[in-house]
Structure formats: structure tokens, C-alpha cells
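In order, the protein sequence lines correspond to chains A and B.
Everything in the first sequence is counted per full-length UniProt numbering, starting at 1 for the first residue and increasing by one.
Everything in the second sequence is counted per full-length UniProt numbering, starting at 1 for the first residue and increasing by one.
No residue lacks a Cβ here, since even glycine has one placed at the ideal position from N, Cα and C.
Right, one structure below, let's go through it.
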Amino acid sequence: MIYLDNSATTKPFPEVIDSFVTVATKYFGNPSSLHELGRKAERLLIQSREQVAALLDVKPNEIIFTSGGTEANNFAIKGVAFQYRQRGNHIITTAIEHPSVAEPCRQLEELGFEVTYLPVNENGVIDVEELARALRNDTILVSVMHVNNEVGSIQPIEQIGRLLQQYPKTFFHVDHVQGIGKVPLDLKKAHVDLCTMSAHKFHGLRGAGILYVRNGIRLSPLLAGGGQELQLRSGTENVAAIVAMTKALRMSLEAYERQSSRLLAIKEQWLNELKNIADIHINTPLDHSAPHIINFSLNGLKSEVFVHELAKQQIFVSTTSACSSKKRAPSKTLVAMGVEQKQAESSIRISLSYENTLEEIPVAIRAIKAAIKKLQEVTR
Amino acid sequence: MQYDRILIRYGEMSTKGKNRNRFVVRLKRNIQKKLKAFPNIKIEYMRDRMYILLNGEPHEEIMEQLKTVFGIQSFSLAMKCENDIEKIKATALAAVQQFSYEGKTFKVSAKRIDKQFPIGSNDLNYEIGSHILRNTKNLTVNVHEPDIHVRVEVRKDGTYVTCHDIPGAGGLPVGTSGKAMLMLSGGIDSPVAGYLAMKRGLEIEAVHFFSPPFTSERAKQKVIDLVKKLTKFGGKIKLHIVPFTNIQQTIHRQVPDGYSLISSRRMMLKITDLLRKKYNGLAIVTGESLGQVASQTLESMFVINDVTTTPILRPLVSMDKTEIIEMARKIDTHDISILPYEDCCTIFTPSAPKTRPKREKVVHYESFIDLEPLIEEAVANTETIVIDEEFAAEDEFEQLF
Numbered sequence: 001m002i003y004l005d006n007s008a009t010t011k012p013f014p015e016v017i018d019s020f021v022t023v024a025t026k027y028f029g030n031p032s033s034l035h036e037l038g039r040k041a042e043r044l045l046i047q048s049r050e051q052v053a054a055l056l057d058v059k060p061n062e063i064i065f066t067s068g069g070t071e072a073n074n075f076a077i078k079g080v081a082f083q084y085r086q087r088g089n090h091i092i093t094t095a096i097e098h099p100s101v102a103e104p105c106r107q108l109e110e111l112g113f114e115v116t117y118l119p120v121n122e123n124g125v126i127d128v129e130e131l132a133r134a135l136r137n138d139t140i141l142v143s144v145m146h147v148n149n150e151v152g153s154i155q156p157i158e159q160i161g162r163l164l165q166q167y168p169k170t171f172f173h174v175d176h177v178q179g180i181g182k183v184p185l186d187l188k189k190a191h192v193d194l195c196t197m198s199a200h201k202f203h204g205l206r207g208a209g210i211l212y213v214r215n216g217i218r219l220s221p222l223l224a225g226g227g228q229e230l231q232l233r234s235g236t237e238n239v240a241a242i243v244a245m246t247k248a249l250r251m252s253l254e255a256y257e258r259q260s261s262r263l264l265a266i267k268e269q270w271l272n273e274l275k276n277i278a279d280i281h282i283n284t285p286l287d288h289s290a291p292h293i294i295n296f297s298l299n300g301l302k303s304e305v306f307v308h309e310l311a312k313q314q315i316f317v318s319t320t321s322a323c324s325s326k327k328r329a330p331s332k333t334l335v336a337m338g339v340e341q342k343q344a345e346s347s348i349r350i351s352l353s354y355e356n357t358l359e360e361i362p363v364a365i366r367a368i369k370a371a372i373k374k375l376q377e378v379t380r
Numbered sequence: 001m002q003y004d005r006i007l008i009r010y011g012e013m014s015t016k017g018k019n020r021n022r023f024v025v026r027l028k029r030n031i032q033k034k035l036k037a038f039p040n041i042k043i044e045y046m047r048d049r050m051y052i053l054l055n056g057e058p059h060e061e062i063m064e065q066l067k068t069v070f071g072i073q074s075f076s077l078a079m080k081c082e083n084d085i086e087k088i089k090a091t092a093l094a095a096v097q098q099f100s101y102e103g104k105t106f107k108v109s110a111k112r113i114d115k116q117f118p119i120g121s122n123d124l125n126y127e128i129g130s131h132i133l134r135n136t137k138n139l140t141v142n143v144h145e146p147d148i149h150v151r152v153e154v155r156k157d158g159t160y161v162t163c164h165d166i167p168g169a170g171g172l173p174v175g176t177s178g179k180a181m182l183m184l185s186g187g188i189d190s191p192v193a194g195y196l197a198m199k200r201g202l203e204i205e206a207v208h209f210f211s212p213p214f215t216s217e218r219a220k221q222k223v224i225d226l227v228k229k230l231t232k233f234g235g236k237i238k239l240h241i242v243p244f245t246n247i248q249q250t251i252h253r254q255v256p257d258g259y260s261l262i263s264s265r266r267m268m269l270k271i272t273d274l275l276r277k278k279y280n281g282l283a284i285v286t287g288e289s290l291g292q293v294a295s296q297t298l299e300s301m302f303v304i305n306d307v308t309t310t311p312i313l314r315p316l317v318s319m320d321k322t323e324i325i326e327m328a329r330k331i332d333t334h335d336i337s338i339l340p341y342e343d344c345c346t347i348f349t350p351s352a353p354k355t356r357p358k359r360e361k362v363v364h365y366e367s368f369i370d371l372e373p374l375i376e377e378a379v380a381n382t383e384t385i386v387i388d389e390e391f392a393a394e395d396e397f398e399q400l401f
């Protein structure tokens, strides 16, 4: 099997699954229970929070565990919107956000908020000066993703953070789901106020995510109830998944330290090979993009059929992002980058992790060439 | 040119006469322990100054750690150069340029400690100040309230330039004043008392009374967490956990309700005093604040204190609750202290404890019971845990993370 769909989800590390199983069997108590089993579960939760905070170089009480990236994004955006409505009702985001940012923004528009969607250039990057022009006195939130999930473009988060320093009434949320463990982001240096991460994108399990909430920011809770997670996110804590995520985060950041250059080399090799195939057009910006995402178009061939063709050889890739692939719409990010409709409809995404190897490339390239040839025959 | 060292100014101990060396050596040792995560640093000390040579280690993190070390009055990032006027001028300019100085004000204060140096302080101020002015844009002089205070000290071994003083934790180096036992209940006050005791240079060992099954493992965990917070200021701290159930139950059965609380307190103090003797301490520290609760009226203190002649230090005695809470927040123990678990002080509390107990009466009530063997047993069964900043109670969790 050659798994090239790591931006959809990653394969959990075996050590991470071990932790999950141990916690789920041995320490299944409710952290709020007073007895010994509850106390141990609570310890695990405290230790997780401390370790995640240390890994991200923030304070433990700035870490809120959620059910995943979608909840964290919803919580950050709606939490700020509802808490600070008196202050203003303008939100700025980009045209290429993940649906878990774009849809909450759309919902807020229905509730009377105004949302500005910043366009991107042909490299899939916003213009910070344009953001500066869009900022208003009543702007309460700027939400910008770090690494785009469809093409891997990287937004100038530090530059935006510096700009927003001059706007103390505007909070800065970053969707870091695709970036964590792959493209470093110093939350303090970039003056980020809220930051989303999701366990299953860094070899953890589904059902756990992280929202960093800088001290001093209040959020209106999405989930009201028993007051878990520092009174911000009610619901019995998913201790096993949280402990597993904590380990996955440590291991992923260690993998970055050891292997980031190897990952980059693999991506370069992929790009070199793909560029030589006549019917392929690379959409991912060649300079300054994430080391693990490559998006290309098949010159009008049906990308869905292509995915199935490769899957027959146990090679797994995606059409655009997994979350949008069922909608049969062209890639939103590619359209925003100004890629032609025909190209945008036939796009394929390869997404890597530290588990991928150089040796896979010739095998996969051969399969890709064969698939293209086969599809061309059928289409003609 | 980069900042390559941190200059540390001593607190009160610079006045400690012949004992000074002992204080300085202890401070150096405390700093060394605190900074053990930075193996490349080198600490140099002199009579009135200490320098941490960074050797490439990150100064931001080191300075953050230094803020919790007692015995430091203030510290600054510093650059060193030879005693040569051109080099001094260049170094002072480089020191200023490390900051985003545009639109700000500055002043130069030069001190010529090495009188062999040919240029006097006033001339130095002028020379350095004008050199900085000539080579920067948008930086002006303000001798009264400067944003950047460039301090230049010409010493025998070289010239030191600093631009920004950061206040230290003050006090005396932990360990220079001897050892005391801290009675730690788990409430808001006792950790603050421990913090203040350490600030005056005391090394502390904590004593906690544990009454299973009436108090839970969670109450014990809470005390461990509190001690862990205190280790940030005091390095390793021993925590003695005294099993107290038998004594408490005996008192509850035999001593009338109004006096049971006072009697329990007397026994706690007695046991703490025995532990003090065993571990060579010279005092007992408590979080008592005069008049705060029934056992802390002057009459109660008198009757409780009656069991020992060991000095009892009460750093909070004249503080208001609000002041104590504020300090607990500052040292990050408050949120742990307010967790609602039963502890040795909250169970068995009579509905109406005496606020003006009489010594004769409590002695009389206690004369009917033989508590000595119970006290000996409690001391013998005391569990001792050594806690440091990395302490994790649950070894079984190690593999999980």
C-alpha cells in the first residue's frame, strides 16, 4: 500500500494506539468522579494539558481539548463572535478556508454579522496590505489558515500577527490543522490569539483536537453543561483520545526535528517526476509551500475515476480535499487562485507524512502514467 | 555584537559582612540548579556581582527562570568589552541597537570604578551619549525618564554595558537562613507562608496531616501539587505525610466538642515538632493569620503554642485574606488550593469551636487519654516524598506520553 492521503487523515502511530488502549481499559474513570479511578483519569488529563502546553510553548490553562478541528474552528469563531458582539460585528477571513471555518462564517452572516472574504493570488496566498485595508473599527476577528489543505500554500501568519498588534480589539485565529508538525508556527512570535489543531492529522486518533486560547480572551461556550475544560467546553472528557493525541503531538514534533529535510526531499522528487508527465499541470506553488502537499490537474480527465484507478493498485490519493470531494464541485482553492474551471475540476492531491519514502515514488509514478493513459483511451 | 552574559545584582545580602561569601556561594548553587537545563552556561561570581556567561544558550528562557530565584535584587543582559574608549563606545551603541529604539529616549550613566581609567564619569557620559546620538535615528536624550537607560561600568576586569534592569525576586538565597518545617494543609494560606519563609532564605520541609478514609487521595494529590509549585522557588522540597486518623478519632471521642479542634491542633504541632527534631530543623512555619478563624485567635494560638518552645514563624500573621489571596495567585497556588476536597482541617470541625479556649481546660481533657503512643506511631508511619519541579507522582503513566 502507498498511502498518499495524509491531509485527509494520517495512520495513527502504533505507540499512540497502545496509549489509547491502556487508558481506555485501565483508566476509564470519569475525571470528575471523586474516587481513585476518577483521580487517575484527572491526572492523565492534567498531564496531557501540561505536555501539550509545553510542546507548544504556551501555558496549560491556554489549552482547551475539543472533539477535533471542526469543533475547535467553530468554537473559536462563534465563541469570539457571540462574546464580543457588543464590540463589533465584522469578521475577516479568506476565500480558501476549510469548510469548518467558512461555514460558521456563513452561519454568522445569517445572524447579522458581516464577513469579508479576502481573495488569494495565483500562488494561493493573501495580500497582507489588502487585509490591512479590510480592517475596520468594528472588526472583532481575523481568521486565516496557516497551511491550505488543498494546495499547501502557506499564509504569512507572522506578518498578519504583527499587523494586528496595532488593532488590540481584533482577535487573530489561525487554523493550524494542516501545518502542525510540518510547518512550524511560533504562536507567541506570531501574536496568535486562537489556534486550532486536530489529532488525526498528526497520527493521533479522531475525536480529539486542541484549541489554544490566549489568556485574557473570553469565549462564549458552544457546548454548555457540566463545565469541563476550564468551564469552556462541557462534556465528559475523552481522556483516552486526549492522552493518545498528546503522545502523537510529541512524536510528530520529534519527527519534524529529525526528518523535515527528508520530507522536503521527497516532495521535491515528486514534483520533478510529475513535471515530466505531459498531461499534468502542477497547481501547488513551487516556492514557499508546505513540504507535504502537492496538487496537480489532469488536463480535463475525470479525477474521480483516476482516484479509483490508482486505488486498484493500492495507491491512495484524493480529489481536492476529502471534506469537499463528495460535493462534486471544483476545488474552491483552485478557483480562488484563478485556475481554469476545467483544470480545477480535474485536480488531484497527494499529501505526505514522515512515513512516506522515496522508494514509493517510481512505483506510484508508473501507476499514475498508466492510469492517465487508460483514462485517455476511455475518454476518446 | 551580541549580549553574551547576564549581570546579577545581589539583594540584601550585599550587606552581610563576613558571611557574604556563604550567601554568594549558596546563591550560585541555587542558580546553577535552576538552570541545569542549560549546560553551556558558566557562572562567575564576585563580591558584589554575579555573571552568567550564556555561551549561546537562550537568554529569554534563562531570564524567565531567574525571576524565581531568591537573593537577586535585579538582573540585566550585558555586554563586556576591554577598557578602551573606542571599544566602549562601540559596545554601548551595539547594546542600544539590539532594541527597537526608534522614537524612544535614552540616557547614559557611566561609572568609573577602576580609577586607573583615564576618562572620568562625566566625560564618559558625554562621549558615549554623543556617539550613540550620532549613529542612530529618531533616538533622543531624556535624563529624567529615559526609555533606555544605558549603564556603563568600567571595572578592573573590563567594561560592562547594560540597558534594561529586570527586578529579581528579592529576599535571601534559599538555605542561607537554616531549615524550618512548614505545616501545609492544602488551603490558600500555608503555601503562601511557605513561599515567604523561603524568601527569607529558609529551606523548608512540608508536613501534611492525612486522615484516610475521611480525606481522599485527591486531598493528598492536592498537597503534592502545591509543594511542586513551591519547588519553583526552593528547589527540592521534602513532603512528610503524617497519618492522623487514629489521633483525630480518639480526640473526637474523648474531648468535648468545643475543645476537640484545639486539641487536634496541639497534637499536629507536637508531631511537627518531633519531625523538626528528627530532621534538624530550627523552627516551624504556619499559615496562621491573626483572628482569621477560631483556631487563630490569640487565645487559641496561646493554647496551641503551649506544647512547644520551638520558634513558630507566622509570616501571614498581620496580612488580610485578600492580600494572601493575591499573593497565592501570584505564586500560582491559588487555583490548586481552592479545589474542594476535604482535608484534615475541614472534617471533624465542631459546629461551635471555642474562640477563647483555656489552657487548663484543654490540658485537663487531654489528661484522660494517652495520646503519646498514638503520636509515636504517627511519626513512625510518616511517609516522606521528595518533590522537585519535574516530580510526577504516577510512574505508571510514563509510557502513556
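Contact of PHE38/B with chain A is not assigned, every C-beta pair being separated by 7 Å or more. Using a Cβ-Cβ cut-off of 8 Å, ARG39/A is close to SER216, GLU217, ARG218, GLN221 of chain B, given in chain order.
With distances taken between CA atoms, PHE23/B lies nearest to LEU172/B out of LEU172/B, ILE262/B, GLN249/B.
DSSP places GLN73/B in the uninterrupted beta strand (DSSP E) bounded by 72 to 81. Secondary structure of PHE244/B (DSSP, three-state): coil.
Boundaries of the alpha helix (DSSP H) around ALA244/A: 239 to 275. For ILE325/B, the enclosing alpha helix (DSSP H) starts and ends at 321 to 330. The three-state secondary structure of MET198/B, taken from DSSP, is helix.
Put simply, the CB of THR236/A is far from chain B, with every gap to its CB atoms at 7 Å or more. Taking 7 Å as the cut-off, the beta carbon of THR333/B is found closer than this to the beta carbon of LEU226/B. Note on geometry: alpha-carbon atoms of TYR256/A and ASN356/A lie some 13 Å from one another. When GLY187/B, SER295/B, THR176/B are compared, the shortest CA-CA separation from ARG26/B is found for THR176/B. In its chain, beyond the 5 residues on either side, ILE387, PHE391 have a beta carbon closer than 6 Å to the beta carbon of LYS228/B.
Judged by DSSP in its simplified three-state form, PHE171/A adopts strand.
Less than 7 Å separates the beta-carbon of GLY181/A from that of LEU253/A. Under the three-state reduction of DSSP output, ILE262/B falls in the helix class. Chain B places a beta carbon closer than 7 Å to that of GLN51/A, counting this residue as a contact. From the beta-carbon of THR22/A, the residues of chain B found nearer than 8 Å are GLN399, LEU400. In this structure THR379/A is exposed. Its beta-carbon is surrounded by fewer than 16 other beta-carbon atoms within 10 angstroms.
For the C-beta of GLU254/A, not a single chain B residue is nearer than 7 Å; the gap to the nearest is close to 12 Å. PHE113/A sits away from LEU141/A, with the two beta carbons spaced by 7 Å or more. In the structure shown, the three-state DSSP call for ALA352/B is coil. In this structure, the alpha-carbon of VAL305/A lies about 26 Å from that of SER153/A. Between LEU290/B and the set VAL307/B, LYS80/B, LEU313/B, the nearest pair of CA atoms involves LEU313/B. Of all alpha-carbon atoms in GLU366/B, PHE117/B, ASN55/B, LYS107/B, the one lying nearest the alpha-carbon of GLU82/B is that of PHE117/B.
With its beta carbon less than 7 Å from one in chain B, GLU36/A belongs to the interface. Taking 7 Å as the cut-off, the beta carbon of SER297/A is found no closer than this to the beta carbon of SER331/A. Between ASN40/B and GLU57/B, the C-beta spacing is below 7 Å. Check the Cα spacing between ILE2/A and each of LYS59/A, TYR354/A, MET337/A, GLU36/A: the tightest is with TYR354/A.
Linking GLN343/A to ALA102/A through their CA atoms gives a straight-line distance of about 23 Å.
Listed along chain B are PHE397, LEU400, PHE401, each with a C-beta nearer than 9 Å to that of VAL243/A.
Taking the Cβ atoms as the reference, ALA283/B lies roughly 4 Å from PRO311/B, within the contact range of under 8 Å. The Cβ atoms of VAL23/A and VAL177/A do not sit closer than 7 Å to each other.
Contact of THR246/A with chain B is assigned, a C-beta pair being separated by under 7 Å. Identification of chain B residues near SER33/A by a Cβ-Cβ cut-off of 9 Å yields none; the smallest Cβ-Cβ distance measures about 10 Å. Neighbours of ARG85/A in chain B, taken as residues at a C-beta separation under 9 Å, are lacking, since the least C-beta distance is about 29 Å.
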